[in-house]
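One structure is given here, and the rest of the page talks about it.
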Amino acid sequence: MRSPSSFFGVLFILALISGVHAGYDFFYFVLQWPGSYCDTSSGCCYPTYGKPPSNFGIHGLWPNYNNGSYPANCDPNNPFDVNKIQDLVSSLRTNWPSLACPSSDSTSFWQHEWDKHGTCSESVMDEHGYFQDALNLKSRINLLQYLQSAGISPNNAFYSLTNIKSAIKTGTGHTPWIECNKDASGNYQLYQVYICIDHAGTTLIDCPVFPTGACGSSIKFPTF
1 MRSPSSFFGV LFILALISGV HAGYDFFYFV LQWPGSYCDT SSGCCYPTYG
51 KPPSNFGIHG LWPNYNNGSY PANCDPNNPF DVNKIQDLVS SLRTNWPSLA
101 CPSSDSTSFW QHEWDKHGTC SESVMDEHGY FQDALNLKSR INLLQYLQSA
151 GISPNNAFYS LTNIKSAIKT GTGHTPWIEC NKDASGNYQL YQVYICIDHA
201 GTTLIDCPVF PTGACGSSIK FPTF
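Here the sequence shown is numbered in the UniProt record's numbering, starting from 1 and rising by one per residue.
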């Protein structure tokens, strides 16, 4: 007789083969402040098509599970194809630029995000839908406006982490997660903002779980 442990082991393997591993519960929509990406000891490189706008840019739309884990690289048989999103490239260059070095046209950044994260949302959206949904969310979520309306501007000053979260919650209706990095002097600064989105990738929701990480109680908002 097969033992219970081996039986469930077989079920687990069958689940992986059938693609159940590609399921997810919600998305993190992650927006990045370019000034904080660049204001580090390693610096940054502008895209080959020029300096991005002084605004938050998209880092990714990441499927996640309610327990805090996430699927990744779910379908190697559906690799990124820039030809499928040619009508979005102009908007992606503005709203989803790469600041990594060496300079690039950002295509490799989009490829990484689709291959690692986007392929895990194929049950809901194809490649074009994935990038279109992210751009739609970006057009609806104006983080810089929310912050400036609360007197929080990218001027190298330090602001209360509590006030930053409050300003974004006022604008979106939901509490965000704030990720910090450190500048060359070791100061915590506003780096990325996580907003939670429903399974369909369209509606803002309260986050089922937050990431982990440290920020100071007062953090820098650098210029760009």
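For every residue, glycine included, the Cβ atom is placed at its ideal position computed from N, Cα and C.
None of the values given here were measured: they were computed from a predicted structure.
Using a 10 angstroms sphere on the CB of ASP133, the tally of other CB atoms reaches 16 or more, which defines it as buried.
The three-state secondary structure of ASN83, taken from DSSP, is helix. For TRP96, there is no enclosing alpha helix (DSSP H), as DSSP marks it with neither H nor E.
Distance between LEU31 and HIS59, taken at the CA atoms: about 5 Å. Taken atom to atom, the span from the alpha-carbon of ASN67 to that of ASP105 is near 36 Å. Membership of GLU179 in the beta strand (DSSP E) is indicated by the continuous run 177 to 182. Non-local C-beta neighbours of ILE205 in its own chain, meaning closer than 6 Å and more than five positions away in sequence, comprise CYS196, ASP198, ordered along the chain. Note: ALA157 is bridge-paired with PHE221 in the DSSP secondary-structure output. If you look at GLY60, you'll find it in the beta strand (DSSP E) that goes 57 to 64. In this structure, THR94 is the residue among CYS215, THR94, CYS74 with its C-alpha nearest to the C-alpha of SER139. Nearest to SER98 by C-alpha distance, out of ILE141, GLY57, SER153, is GLY57. THR170 and TYR146 have their C-alpha atoms spaced approximately 8 Å apart. The residues SER36, THR40, GLN189, TYR191, in chain order, have a CB closer than 7 Å to that of ASN181 in the same chain once the five nearest residues on each side in sequence are set aside. Annotated three-state conformation of TYR46 is coil, per DSSP. Put simply, the backbone Cα of PHE158 is about 18 Å away from that of ASN55. Around the beta-carbon of GLY201, 16 or more other beta-carbon atoms lie within 10 Å, marking it buried. DSSP, read as helix, strand or coil, puts ILE141 in coil. Beta-bridge annotation (DSSP): GLN148 is not paired with any residue. Contact annotation: the region 115 to 135 does not touch the region 42 to 56, with fewer than three C-beta pairs closer than 8 Å. Residue pairing for TYR28: DSSP places it in a beta bridge opposite TRP62, CYS196.
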